[in-house]
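Residue numbers (this note's numbering), protein chains in the order written: chain A, 1352 to 1674; chain B, 1352 to 1674. Beta carbons: idealized from backbone N, C-alpha and C, even for Gly. Keep in mind the model is a prediction, meaning the values are calculated, not measured. Structure, as structure tokens:
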């Protein structure tokens, strides 16, 4: 009888922790969840997590069929197997050796990384980067994150925290103040917050010629701006153009590092599609070193938003089983 | 009887091609050379190169003791085994499949890369990066080059040309015009040319309070500026400070990519030592993401200028024999 092999992908966010039982074809066979924020102690969370995994294992035909657990979490450190100083996880303030803790409870190998790196792994195993060995996944969501793959492997760096391209400084002078304490980071221009900030700045500059002027400033979202752009609103279209221009310049510099086969964009802001990526690519072509011109593709992720995190962490887990 | 194993390291420049017979302890046992610029055809160069290698093989106790050849050359493409559009090699204008050609003449496996990547390999095998798996070698010479090592391997990228950090744009607006056709590249500020340009700009700004004012502008070198700085010349010291500040900002952005264990500086400009690296490190600490602060070392290369290129390409060759 053939052995059934599964992994668990765990998408660990500040609010919810979603567990998926995933097979070798990246099909999600069953899911479970916990409320991350209900716990104040990591030990209590791990105890209940082991319980959920045990329940999922019955679908898998026994715990022995679960070969690895992959976790995607903010401030997840692959090298150390820890969550470090995660501001938005109620029990993640210090350094939590989550992999070791969960391994001790379940007996299953556990690996962790952050959400952008998990997305890159997902892209490589079953998304837009299948077959690629050198690419840069850029997540454009609440923040800007990245997962960098070189020679077919994720780059973790000396401390596990490589690939924070959202905090590459685009404006050393007069840049927008960033949550990281510095100014001018890419994040402040190409995250959903950044795009809304640009819209507000342009509304203040250009006056009320835009339908966006009717939206209360504190309620405006990237989706509103996208809808306005689609409806022909010139200012909204220009917001994405400005955003894309900054993104294109950033990618021109990223190319000098990796000369990637592709930049792959994932997340809410990337859903703006050509409104964003066309000016980004044009600006990239203008600013990139001629040696690289015309080589890298600009792609949108083919991962589904709802399942990307679980399948990305499942890819991390499968990678662990191959070691 | 124990087998004697050697490799050939070939430092292929626009003027000279220097061949070294190198043993497993990175000792150079014999050398030979050709005048690169005397040849107009790659085939003629390769023919004579095979001759030199044959002569060196007698020192090695026979051609069968030479296990691989490593070449370091401008525009050397590891992935393709080619020299591509090398402006300063008389026979390197198109795409020259140098590895295949030399392999056919000698029967020995041949690999190629550029000089900065060869320096990084040398640093890792017998220099300042021994034992490191994630570091960035930055060569500060006539130009600014780089070799990036992640997960213990050089990054070559999708086309073999990854790691052109000298062409990372530091000033998108009002930057110095670069030889690459764009403006504001790191190269234009931290290469020897860049440092001299900064000195001339500052002399124009600050007047003749500096001993550098006595040197004809077209004769000034980085060494002159270094000597002046050592002798207490404030303007010369400030030239290295400005250079270091730009270098430090650049490295702060490079950190978001790799989170390296170290930045290692090689080449003529790096010989300015603390005049350059102290302000570079201070600026780095100021601008780097707090997550990385205090982690990466700023080191000067421990490779000897005279032998670095040969031993770096020897490291490339030894790497090939391990495949």
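For residue i, which residues in the same chain have their Cβ closer than 6 Å to its Cβ, ignoring the five residues on either side in sequence?
{"i": "residue 1495 of chain B", "result": "1517, 1537, 1538, 1541, 1542"}
{"i": "residue 1513 of chain A", "result": "1506, 1507"}
{"i": "residue 1461 of chain B", "result": "1420, 1450, 1453, 1454"}
{"i": "residue 1672 of chain B", "result": "1418, 1419"}
{"i": "residue 1457 of chain A", "result": "1401, 1404"}
Confirm, please, whether the CB-CB distance from residue j to residue i is below 8 Å.
{"i": "residue 1499 of chain A", "j": "residue 1598 of chain A", "result": "no"}
{"i": "residue 1651 of chain B", "j": "residue 1596 of chain B", "result": "no"}
{"i": "residue 1463 of chain A", "j": "residue 1504 of chain A", "result": "no"}
{"i": "residue 1521 of chain A", "j": "residue 1600 of chain A", "result": "yes"}
{"i": "residue 1588 of chain A", "j": "residue 1626 of chain A", "result": "yes"}
{"i": "residue 1392 of chain A", "j": "residue 1381 of chain A", "result": "no"}
{"i": "residue 1639 of chain A", "j": "residue 1491 of chain A", "result": "no"}
{"i": "residue 1479 of chain A", "j": "residue 1423 of chain A", "result": "no"}
{"i": "residue 1483 of chain A", "j": "residue 1666 of chain A", "result": "no"}
{"i": "residue 1474 of chain B", "j": "residue 1615 of chain B", "result": "yes"}
{"i": "residue 1357 of chain B", "j": "residue 1418 of chain B", "result": "yes"}
{"i": "residue 1576 of chain A", "j": "residue 1555 of chain A", "result": "no"}
{"i": "residue 1661 of chain B", "j": "residue 1365 of chain B", "result": "no"}
{"i": "residue 1488 of chain A", "j": "residue 1471 of chain A", "result": "yes"}
{"i": "residue 1439 of chain B", "j": "residue 1448 of chain B", "result": "no"}
{"i": "residue 1641 of chain A", "j": "residue 1531 of chain B", "result": "yes"}
{"i": "residue 1628 of chain B", "j": "residue 1649 of chain B", "result": "yes"}
{"i": "residue 1647 of chain B", "j": "residue 1611 of chain B", "result": "yes"}
{"i": "residue 1562 of chain A", "j": "residue 1579 of chain A", "result": "yes"}
Within a Cβ cutoff of 8 Å, which residues of the same chain sit near residue i, ignoring the five residues on either side of it in sequence?
{"i": "residue 1524 of chain B", "result": "1535"}
My output table needs one value for residue i: the three-state DSSP class, helix, strand or coil.
{"i": "residue 1357 of chain A", "result": "strand"}
{"i": "residue 1528 of chain A", "result": "strand"}
{"i": "residue 1484 of chain A", "result": "coil"}
{"i": "residue 1367 of chain A", "result": "strand"}
{"i": "residue 1352 of chain A", "result": "Caution applies to residue 1352 of chain A, whose pLDDT of 42 falls short of 50 and renders its modelled position unreliable; the value that the coordinates give is listed next. DSSP places residue 1352 of chain A in coil when its eight states are reduced to three."}
{"i": "residue 1380 of chain A", "result": "strand"}
{"i": "residue 1502 of chain A", "result": "coil"}
{"i": "residue 1433 of chain B", "result": "strand"}
{"i": "residue 1577 of chain B", "result": "helix"}
{"i": "residue 1490 of chain B", "result": "strand"}
{"i": "residue 1659 of chain A", "result": "helix"}
{"i": "residue 1374 of chain A", "result": "strand"}
{"i": "residue 1393 of chain A", "result": "helix"}
{"i": "residue 1582 of chain B", "result": "coil"}
{"i": "residue 1640 of chain B", "result": "coil"}
{"i": "residue 1463 of chain B", "result": "strand"}
{"i": "residue 1497 of chain B", "result": "strand"}
{"i": "residue 1424 of chain A", "result": "coil"}
{"i": "residue 1674 of chain A", "result": "coil"}
{"i": "residue 1385 of chain B", "result": "strand"}
{"i": "residue 1648 of chain A", "result": "strand"}
{"i": "residue 1440 of chain A", "result": "coil"}
Note down, in chain order, every chain A residue with its Cβ under 9 Å from the Cβ of residue i.
{"i": "residue 1638 of chain B", "result": "1520, 1523, 1533"}
{"i": "residue 1514 of chain B", "result": "1607, 1608, 1609, 1610"}
At a CB-CB cut-off below 7 Å, which residues of chain B make contact with residue i?
{"i": "residue 1368 of chain A", "result": "Residues of chain B passing the Cβ test: none, with the nearest at roughly 24 Å."}
Could you work out which residues of chain A lie near residue i, taking near to mean beta carbons separated by less than 7 Å?
{"i": "residue 1604 of chain B", "result": "1519, 1520"}
{"i": "residue 1510 of chain B", "result": "1610, 1646"}
Just to confirm my understanding: we take residue i, look at its own chain, exclude 5 residues before and 5 after, and list those with CB closer than 7 Å. What are they?
{"i": "residue 1383 of chain A", "result": "1370, 1403, 1406, 1407"}
{"i": "residue 1352 of chain A", "result": "At residue 1352 of chain A, the pLDDT of 42 sits below 50, so the modelled position is not reliable and the matter cannot be decided from this model."}
{"i": "residue 1511 of chain A", "result": "1428, 1429, 1430, 1431"}
{"i": "residue 1564 of chain B", "result": "1554"}
{"i": "residue 1557 of chain B", "result": "1586"}
{"i": "residue 1459 of chain B", "result": "1417, 1419, 1420"}
{"i": "residue 1318 of chain A", "result": "Nothing in the structure corresponds to residue 1318 of chain A, since chain A is present only between 1352 and 1674."}
Find the residues of chain B that neighbour residue i, judging by a C-beta separation of less than 9 Å, and give them in chain order.
{"i": "residue 1641 of chain A", "result": "1531, 1532, 1533"}
Check whether chain E comes within 8 Å of residue i, counting only Cβ atoms and requiring the distance to be less than that.
{"i": "residue 1498 of chain A", "result": "The structure shown contains no chain E; its protein chains are A and B."}
Beta carbon of residue i: closer than 7 Å to some heavy atom of the ligand NAD?
{"i": "residue 1549 of chain A", "result": "As for the ligand NAD, it is missing from this structure, which has no ligand bound."}
Interfacial residues, the region 1382 to 1411 of chain B to chain A, with Cβ spacing under 8 Å: none
Near-chain A residues of the region 1479 to 1508 of chain B - C-beta to any C-beta below 7 Å: 1485, 1499, 1501, 1502, 1504, 1506, 1508
Members of the region 1584 to 1604 of chain A near chain B, C-beta cut-off 8 Å: 1600, 1603, 1604
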